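In the numbering used here, the protein residues as written are 24 to 383. Step one of this worksheet: look at the structure below.
Printed below as a string of structure tokens:
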């Protein structure tokens, strides 16, 4: 068990921002959540091996559009959403995990943990960010007899909303997504309690500590060169392309952001698509990176991370890739239907570009 101090929490957020792969929320939102959590109490991060395997653990997440300008959630709504889902279970929920790593999403559960003393466990549903709730459901959607329970709360004033739903995984996730739209773009969510033993083979144990290590690379580096060298040594990061963003398109609909960016280098065109997170990179007509590889865009001058919501024409960027085998991924990354959904939304091939044996 370690205490997530201001220093370690900040490192986790910087590492989470990188592992967000273009999504996972903003660093500023994560830093604000860290401050709010520390004002409520102490955050204790537990290794999965330290936790009772028979006790219930719940997933904390935030659902919505990263580019939304009206998204809002309060500490009271965080606690209310947890109370809504706890009412559905006789046994007390004894631990919380985040759904993914991201600049803000890695902090899901921190306020709850600090305010209530419920332990935070280093076993996110996924060690990188992903667009759909089912991708962060640890394969529970593939169990024929599993019934999902999800709660959500968010929004300000007349847009404030709270709900609790039980049923088939995709149906519940869809209702939560619509709640986010109704709330102005964002809701806090608690979902799918499971016994801690389930996390060992279906979640991403150790991914928070990995984020802290990555964050220290960013925070300790004196210049961009040291950042890139550190990330290359630690994660096998490679630079795919560098240049100025010549074209950028972003559409927000259904609680998601999707679109693409194009840059040119040495006579070659590089197109990067995103659905909240960056999904693919094509060099002319050749695919050179495909989610769940970590695709990220870094500021060409400073090496800082640029999310899809922050992207714009005229920015000078480096497009980088970390191979999926160097990440800590959860079972949700093996759901064929979710990759087919990406194909439908973005109109690009996905399944055919994944390594054989990846999809269930």
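Where a beta carbon is used, it is the ideal one built from N, C-alpha and C, also for glycine. Since the model is a prediction, treat every value here as computed from it, not as a measurement.
Return the Cβ separation of residue 357 and residue 317 in integer angstroms, given the expectation that the two are a contact with Cβ distance under 8 angstroms.
Within the chain shown, numbered from 1, the residue matching residue 357 stands at position 334. Within the chain shown, numbered from 1, the residue matching residue 317 stands at position 294. Not confirmed; about 17 angstroms, so no contact.
Return helix, strand or coil for residue 188, following the three-state DSSP convention.
On the chain shown, residue 188 is found 165 positions in, with the first residue counted as 1. Here residue 188 sits in strand by DSSP.
Whole-Å CB distance - residue 107 paired with residue 187, under 8 angstroms assumed
Position 84 of the chain shown, counting from 1, holds the residue named residue 107. Position 164 of the chain shown, counting from 1, holds the residue named residue 187. With 8 angstroms as the limit, residue 107 and residue 187 qualify as a contact, their Cβ atoms being about 4 angstroms apart.
Taking the runs of the alpha helix (DSSP H) that are 4 residues or longer, which of them lie wholly in the stretch 193-277?
222-225, 230-243 and 247-258
Is the CB-CB distance between residue 83 and residue 44 below 8 angstroms?
Here residue 83 refers to the residue found at position 60 of the chain shown. Here residue 44 refers to the residue found at position 21 of the chain shown. Contact flag unset, no.
Beta-carbon contacts of residue 278 that lie in its chain and below 8 angstroms, excluding the five residues immediately before and after
In the chain shown, the residue the question calls residue 278 occupies position 255. A distance below 8 angstroms between beta-carbons, with the five flanking residues on each side excluded, links residue 278 to the following residues of its chain, in chain order: 86, 87, 88, 200, 201, 203, 204 and 208.
6 angstroms Cβ shell around residue 105 - same chain, five flanking residues per side excluded
As a position in the chain shown, residue 105 is number 82, starting the count at 1. Residues 135 and 213 of the same chain have their beta carbon placed closer than 6 angstroms to that of residue 105, with the five preceding and five following residues left out of the count.
Nearest CA to the CA of residue 269: which residue from 221, 248, 360 and 291?
Position 246 of the chain shown, counting from 1, holds the residue named residue 269. Measuring C-alpha to C-alpha distances from residue 269 to each of 221, 248, 360 and 291 identifies 291 as the nearest.
Could you check the C-alpha separation between residue 76 and residue 24 for me, to the nearest Å?
Here residue 76 refers to the residue found at position 53 of the chain shown. Here residue 24 refers to the residue found at position 1 of the chain shown. C-alpha separation (whole angstroms): 16 angstroms.
What's the C-alpha gap between residue 170 and residue 190?
If you number the chain shown from 1, residue 170 lands on position 147. If you number the chain shown from 1, residue 190 lands on position 167. Distance between the alpha carbons of residue 170 and residue 190 is about 5 angstroms.
Are the stretch 238-252 and the stretch 176-184 in contact at 8 angstroms, needing three or more beta carbon pairs?
no
Residue 81 versus residue 222: straight-line alpha-carbon distance, rounded:
Counting from 1 along the chain shown, the entry for residue 81 is found at position 58. Counting from 1 along the chain shown, the entry for residue 222 is found at position 199. Each residue's Cα considered, the two are about 11 angstroms apart.
With respect to the beta strand (DSSP E) encompassing residue 83, which residues constitute its N-terminal and C-terminal limits?
On the chain shown, position 60 is the one that residue 83 refers to. Residues 79-87.
Report yes if the CB atom of residue 234 is closer than 8 angstroms to the CB atom of residue 340, and no otherwise.
Residue numbering aside, residue 234 sits at position 211 when the chain shown is read from its first letter. Residue numbering aside, residue 340 sits at position 317 when the chain shown is read from its first letter. No. Outside cutoff.
In whole angstroms, what separates the C-alpha of residue 323 from that of residue 254?
Here residue 323 is taken as the residue at index 300 of the chain shown, counted from 1. Here residue 254 is taken as the residue at index 231 of the chain shown, counted from 1. Using only the alpha carbons, I get a separation of about 15 angstroms.
Would residue 147 and residue 118 qualify as a contact pair, given that the criterion is a beta-carbon distance under 8 angstroms?
On the chain shown, position 124 is the one that residue 147 refers to. On the chain shown, position 95 is the one that residue 118 refers to. No. Outside cutoff.
Quick check: residue 53 and residue 126, are their CB atoms within less than 8 angstroms of each other?
For this step, residue 53 is matched to residue 30 along the chain shown. For this step, residue 126 is matched to residue 103 along the chain shown. Yes.
I want to know whether the stretch 302-312 touches the stretch 46-65 - three or more CB-CB distances under 8 angstroms.
no
If we require 4 or more residues per run, which alpha helix (DSSP H) segments fall completely within the stretch 95-148?
98-109 and 133-139
Compare the Cα-Cα distances from residue 227 to each of 115, 124 and 372 and report the closest residue.
Here residue 227 refers to the residue found at position 204 of the chain shown. Nearest to residue 227 by alpha-carbon distance, out of 115, 124 and 372, is 124.
At a Cβ threshold of 8 angstroms, is residue 332 touching chain D?
Absence of chain D from the displayed structure is noted, only one protein chain being present.
DSSP bridge partner residues for residue 33 (one or two, in chain order):
Reading the chain shown from its first residue, position 10 is the one you call residue 33. According to DSSP, which records beta bridges pairwise, residue 33 is partnered with nothing at all.
Taking the continuous alpha helix (DSSP H) assigned at residue 52, which residues delimit it?
Here residue 52 refers to the residue found at position 29 when the chain shown is read from its first residue. Unbroken alpha helix (DSSP H) run through residue 52: 50-63.
Can you list, in chain order, the residues of its chain with a C-beta nearer than 7 angstroms to that of residue 56? Leave out the 5 residues immediately preceding and following it.
Here the question's residue 56 lines up with position 33 in the chain shown. Excluding residues within five positions, the ones whose Cβ falls inside 7 angstroms are 127, 130, 133 and 134.
Own chain residues within Cβ distance below 7 angstroms of residue 137, not counting five before or after:
Within the chain shown, the letter at position 114 stands for residue 137. Excluding residues within five positions, the ones whose Cβ falls inside 7 angstroms are 60, 61, 63, 64, 65 and 66.
Beta-ladder partner(s) of residue 322, from DSSP
Position 299 of the chain shown, counted from the start, is the residue given in the question as residue 322. Answer by DSSP bridge pairing, in chain order: 340.
Report the three-state DSSP secondary structure of residue 332 (helix, strand or coil).
If you number the chain shown from 1, residue 332 lands on position 309. Residue 332: helix per DSSP, three-state reduction.
Going straight from the alpha carbon of residue 372 to that of residue 314, what length do you get?
Counted from its first residue, the chain shown places residue 372 at position 349. Counted from its first residue, the chain shown places residue 314 at position 291. Rounded to whole angstroms, residue 372 to residue 314 spans 11 angstroms at the Cα level.
C-alpha gap between residue 295 and residue 345, whole angstroms
Translated into the one-based positions of the chain shown, residue 295 becomes position 272. Translated into the one-based positions of the chain shown, residue 345 becomes position 322. C-alpha separation (whole angstroms): 15 angstroms.
Find out if the Cβ-Cβ distance for the pair residue 385, residue 362 is shorter than 8 angstroms.
Residue 385 cannot be examined here, being either before or after the span of the chain that is shown, 24 to 383.
Alpha helix (DSSP H) containing residue 365: first to last residue?
In the chain shown, the residue the question calls residue 365 occupies position 342. First-last of the alpha helix (DSSP H) with residue 365: 359-369.
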